[in-house]
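Chemist:
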Amino acid sequence: LANIPLIEEIGRIFSLHPLALEDVVNSGQRPKVDFFEDHAFVVMRMIDDVTAHRYEQIAVFFGNNFVVTFQEREGDPFNPVRKRIASSVPNRLRARGADYLAYALIDAIVDSYFPPIEAASELVDSIEDEMLHAPHKQQMRQLHELRRDANVLKGVLWPMRDALATLIRNDVPYVKAETKVFFNDTLDHSLRLIELVETQRDLLTGLIEMHLSLSQARTNDVISYLTIVSVIFMPLTFLVGVWGMNFDPDTSPWNMPELKAYYGYPTALVFMGLVAVGLIAFFKWKKWL
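Start counting the sequence shown at 122; every next residue gets the next number (the working numbering).
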C-alpha cells in the first residue's frame, strides 16, 4: 500500500473509482461494500495475530471481467485460492466468472477466523479445567485477555457480516444470482463466527466470576483458620497473663499459691494443652474446622 503511484496506475487501467482508491491507501477502514457503475469495492479484514490485535486490510475490486486485490502487508493470504486456479482438475474457479473469484477470495478471508477462534476455545476449556483443580492469579489475567480479544473480534466480524449482507441484498449486473448463493454461504460462516465469539465471551465472563468466587472462598477459608487459631490462643494467652503476674505467694496465702506447686509448670502446660484440644474438638463438632 505504500506504492501509491502503482495503485493509481492500476486504478487507471481498470477504471477504479478514485474514492475507493483513497480507501485502499487508508488502511484503517471498517469492512464495507461500495457499488459503482461497473464494479464493486469490498473492504475486509483478515486476521493476522488475534492476541496482538493485528488484522490485515484486504481490498477487493471486481467487475464483469476482472478482480483486483490490495493487501496491507506482504505475503500471500490467498495461496489456497491460487492453487485451485492453477490446478489441472476442473473446478468452479476456472469455469465461473470474476464474481465467483471475488466470492472465493472473500470466503477465504472469513474462513481465516475459524482456526484462531477454535484455538481460543480450546485454551478457555483448558483454563476452566485448571481452575477447578488449582486456581491462581495468572488465570485471571489470561481470562481478561481472552475476553478482550473476543470483544475485538466481535467488533471486526459484525461489520464484515453487514458488508456481506449488503453484497447479497443489492442487485448489480456484475454479480450473478447464482453467485449470491455462494455469498450467502459466506454470510452464514460469518454468523457462525459471531455466535462462536459471543458464546466464548459469555463463557469467559462466567469463568471470571467463578474465579472471583473461588478466590473469595479461599480468602474466607484463610480468615476462618486465622480466626480459629486466634480463638484457641485467646484463653491460653489469658492464663499465661494471669500466671505471669508478679504477686509473691510468701506474703499472703491468697497470692497465687499454685506457683509453689511442685508440678505447677507441667500441670499448667497440660491444662493449656487440654484447653486447646477441647476448643479444636468443639470446632470440629460444630463443623467450623
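C-beta atoms are modelled at their ideal positions from N, C-alpha and C, and glycine is treated no differently. Only a predicted model underlies this, so the values are computations on that prediction, with no experimental measurement involved.
(1) Taking DSSP's pairing of strands, which residues face Lys-153 in a bridge?
(2) With Val-189 and Phe-199 assumed to form a contact (beta carbons below 8 Å), what rounded beta-carbon distance in angstroms separates them?
(3) Can you tell me whether Gly-184 is helix, strand or coil according to DSSP?
(4) Quick check: Phe-303 and Tyr-221, are their CB atoms within less than 8 Å of each other?
(5) Here's a check: name, in chain order, each residue in its chain whose Cβ is nearer than 8 Å to the Cβ of Ile-329, leaving out the five neighbours to either side.
(6) Locate the alpha helix (DSSP H) running through Glu-379, then write down its first and last residues.
(7) Once the 5 residues before and after Leu-127 are set aside, which same chain residues still bring their CB inside 8 Å of it?
(8) Could you check what DSSP says for Glu-129 in three-state terms: helix, strand or coil?
(9) Answer yes or no: do Met-281 and Ser-311 have a C-beta to C-beta separation smaller than 8 Å?
(10) Can you pull the DSSP bridge partners for Gln-178?
(11) Identify every run of the alpha helix (DSSP H) within the stretch 232-299, keeping only runs that are complete inside it and at least 4 residues long; order them along the chain.
(12) Quick one: is Tyr-224 buried, meaning 16 or more other Cβ sit within 10 Å of its Cβ, or exposed?
(13) Quick check on the DSSP output: the alpha helix (DSSP H) that includes Tyr-386 runs from which residue to which?
(14) From Leu-335 to Arg-151, what does the alpha carbon distance come to, in whole angstroms?
(15) Can you list, in chain order, the residues of its chain with a C-beta nearer than 8 Å to that of Gln-321? Leave out the 5 residues immediately preceding and following it.
(16) In the structure shown, what three-state DSSP assignment does Thr-190 receive?
(17) Would you decide whether His-160 is buried or exposed? Buried here means 16 or more other CB atoms lie within 10 Å of its CB.
(18) Distance, Cα to Cα, Lys-301 vs Glu-251?
Modeler: Quick look at the numbers:
(1) In the DSSP output, where bridge partners are listed per residue, Lys-153 has Val-164.
(2) Val-189 to Phe-199, Cβ: 12 Å. No contact.
(3) Correct three-state label for Gly-184: strand.
(4) Contact: yes.
(5) Closer than 8 Å at the Cβ level, and outside the excluded window around Ile-329, lie Met-261, Leu-264, His-265, Arg-268.
(6) Element bounds for Glu-379: n/a, residue is neither H nor E.
(7) Residues of the same chain with their beta carbon placed closer than 8 Å to that of Leu-127 are lacking, with the five preceding and five following residues left out of the count.
(8) Of the three classes helix, strand and coil, the one that applies to Glu-129 here is helix, per DSSP.
(9) A contact, by the Cβ cut-off of 8 Å.
(10) For Gln-178, which the question treats as bridged, DSSP gives the partners Arg-166.
(11) Within the stretch 232-299, the complete alpha helix (DSSP H) runs of at least 4 residues fall at 235-254, 258-290.
(12) Per the 10 Å Cβ criterion, buried.
(13) Judged by DSSP secondary structure, Tyr-386 falls within the alpha helix (DSSP H) whose first and last residues are 385-406.
(14) Whole-angstrom Cα-Cα distance: 40 Å.
(15) Excluding residues up to 5 positions away in sequence, Ile-238, Ala-241, Ser-242, Val-245, Leu-267, Ala-271 lie with their Cβ nearer than 8 Å to the Cβ of Gln-321 in the same chain.
(16) It is a strand residue.
(17) Classification of His-160: buried, given that the 10 Å Cβ count is 16 or more.
(18) Roughly 45 Å between the two C-alpha positions.
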